[in-house]
Amino acid sequence: MMNLKHSISLDKVVMPIVGFTCSWTFYSAYKEGTEPLLKQTPASELEGSGERRIELTPAICRRLENQGYLVIDNFLTPVEVDDALTSIKSLKFHPSQNEKDGNQVRNDTVSFHSKTDDQCNVVRNHDGVSHIHNIFHRLSYDINNSSFNGFDNEDEENYKKSWLGVPSTMQVAMYDSIKKNEDESQKADEEGAYYEAHYDACSDDFSSLGVIGWLKSLYLRKRYITCIIYLNPNWVCEDGGRLRMFQPTTDEYIDIEPKAGRLVLFSSVKMMHAVLPSFSKRLACTVWFTINK
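Letter by letter, the sequence shown follows residues 1 to 293 in the working numbering.
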């Protein structure tokens, strides 16, 4: 009788703990997946952030729609590139966390710039980096007010019923093949710094992700347009680090050099891409515009 009572009383203690732990796990996953969305701004509200860099003519918009990507050179001036590089020197970079099936898929380091976040790994008020962030904001407004109608005809109806969002955080990624040893000496990584082929948006379904994975990927499933600005002066072929863009319906691909001032836009959903091994320090600023209903 005493054992039965003891078992019942133990259940009364354990079950609430288990329930709380499960609820907290689900909540944490949900928070991770939705936080970038809660802090985003509709592109239609960002007029005046930065200045117009390109005229998104109907012809340019059709090229983006049909190809799934767009490359624009000299989007930044050399002075803007230099200002950004000066600001980046004081950023704190951290190893990226992406893994697939337990294997490392990238070995770059990342930092995040935000206008609203005061976390220790987010550096604010750096003029050169802030300027690029503002340029991305202005770009989202320009795309939103152009004749762009989504990527190919399949997306047009969905795009018209949605609004373009801009998360508050911009990623700065550094690919550097020079690694520090434990004794602080340096050596070159013969494999270079890389990011294996991937999509920026998550299209996996609930059954493959599971509850936790599905909740964590809420933001990733809304990524729509990847926007990259490169900050690599005097880049040469031997430096590697090209962005390889795979064509969705063929085995073909194009390689894009990460030249300073170059802007690259592409579909986060449709365009698989990779960063080929980089043997020189390679810097890229990235923002992902989202699609929301």
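Note that beta-carbon positions come from the ideal geometry of N, C-alpha and C, so glycine has one too.
With a CB to CB cut of under 7 Å and the five nearest residues on each side skipped, what residues in its chain are close to residue i?
| i | result |
| --- | --- |
| leucine 295 | No answer is possible for residue 295: it lies beyond the span of the chain, which begins at 1 and ends at 293. |
| glycine 192 | Ser177, Gly240, Pro277, Ser278 and Phe279 |
| aspartate 325 | What the structure shows of the chain is the stretch from 1 to 293, and residue 325 is not part of that stretch, so it cannot be assessed. |
| methionine 245 | Tyr69, Tyr253, Ile254, Ile256, Phe266, Met271 and His273 |
| aspartate 108 | Ser96, Ala173, Met174, Tyr175, Ala193 and Tyr195 |
| leucine 209 | Ser217 |
Would you mind giving the Cβ-Cβ distance between residue i and residue j, rounded to the nearest angstrom? I have them listed as a contact below 8 Å.
| i | j | result |
| --- | --- | --- |
| valine 264 | leucine 243 | 7 Å |
| alanine 43 | asparagine 144 | 4 Å |
| methionine 174 | phenylalanine 93 | 6 Å |
Taking buried to mean at least 16 other C-beta atoms within 10 Å of its own C-beta, is residue i buried or exposed?
| i | result |
| --- | --- |
| valine 236 | exposed |
| arginine 106 | buried |
| tryptophan 288 | buried |
| arginine 282 | buried |
| proline 258 | buried |
| asparagine 232 | buried |
| leucine 70 | buried |
| aspartate 251 | exposed |
| lysine 293 | exposed |
| alanine 274 | buried |
| tyrosine 253 | exposed |
| serine 87 | buried |
| serine 140 | buried |
| lysine 216 | buried |
| aspartate 73 | exposed |
| leucine 295 | Any question about residue 295 goes unanswered here, given that the chain covers just 1 to 293. |
Can you list, in chain order, the residues of its chain with a C-beta nearer than 8 Å to that of residue i? Leave out the 5 residues immediately preceding and following it.
| i | result |
| --- | --- |
| threonine 77 | Gly261 |
| threonine 34 | Leu218 and Tyr219 |
| isoleucine 132 | Leu76, Glu80, Ala84, Met170, Ile229 and Cys285 |
| threonine 25 | Ile212 |
| cysteine 22 | none |
Can you list, in chain order, the residues of its chain with a C-beta nearer than 6 Å to that of residue i? Leave out the 5 residues immediately preceding and following it.
| i | result |
| --- | --- |
| threonine 286 | Gln171 and Ile228 |
| threonine 226 | Asp200, Phe266, Ser268 and Trp288 |
| serine 350 | One cannot answer for residue 350 here, as it falls past the ends of the chain, which runs 1 to 293. |
| proline 36 | Pro167 and Tyr219 |
| glycine 150 | Glu156 and Tyr159 |
| proline 58 | Ser147 |
| proline 248 | Lys270 |
| glycine 128 | Asp83, Ala84, Thr86 and Ser87 |
Rounding to the nearest angstrom, what Cα-Cα distance links residue i and residue j in this structure?
| i | j | result |
| --- | --- | --- |
| tyrosine 224 | methionine 271 | 10 Å |
| alanine 84 | threonine 290 | 25 Å |
| glutamine 67 | serine 162 | 21 Å |
| glutamate 196 | phenylalanine 148 | 30 Å |
| glutamine 40 | lysine 222 | 12 Å |
| lysine 160 | glutamine 97 | 35 Å |
| glycine 213 | glutamate 32 | 10 Å |
| glutamine 186 | glutamine 104 | Here the model assigns glutamine 186 a pLDDT of 47, short of 50, so the residue's position is not dependable, and the following value carries that caveat. Whole-angstrom Cα-Cα distance: 22 Å. |
| arginine 63 | leucine 164 | 19 Å |
| glutamate 238 | serine 28 | 44 Å |
| aspartate 205 | aspartate 82 | 43 Å |
Residue i lies in the beta strand (DSSP E); which residues open and close that run?
| i | result |
| --- | --- |
| asparagine 292 | 282-292 |
| tyrosine 175 | 169-175 |
| proline 277 | 273-278 |
| cysteine 237 | It is not in any beta strand (DSSP E) - cysteine 237 carries neither H nor E in the DSSP assignment. |
| cysteine 202 | Looking at the DSSP string, cysteine 202 is not in any beta strand (DSSP E), and its letter there is neither H nor E. |
| leucine 164 | 163-166 |
| serine 114 | 109-114 |
| leucine 297 | Residue 297 is absent from the model: the chain starts at 1 and stops at 293. |
What are the start and end residues of the alpha helix (DSSP H) that includes residue i?
| i | result |
| --- | --- |
| threonine 86 | 78-88 |
| proline 58 | 58-67 |
| phenylalanine 266 | Note, phenylalanine 266: premise wrong, no alpha helix (DSSP H); beta strand (DSSP E) at 263-267. |
| glycine 128 | 127-144 |
Beta-carbon of residue i versus every beta-carbon of chain B: anything under 9 Å?
| i | result |
| --- | --- |
| valine 172 | Looking at the structure shown, chain B is missing, and only one protein chain is on hand. |
Tell me whether residue i, by its Cβ, gets closer than 8 Å to a heavy atom of the ligand ATP.
| i | result |
| --- | --- |
| cysteine 237 | With respect to the ligand ATP, the structure shown offers nothing to examine, as it has no ligands at all. |
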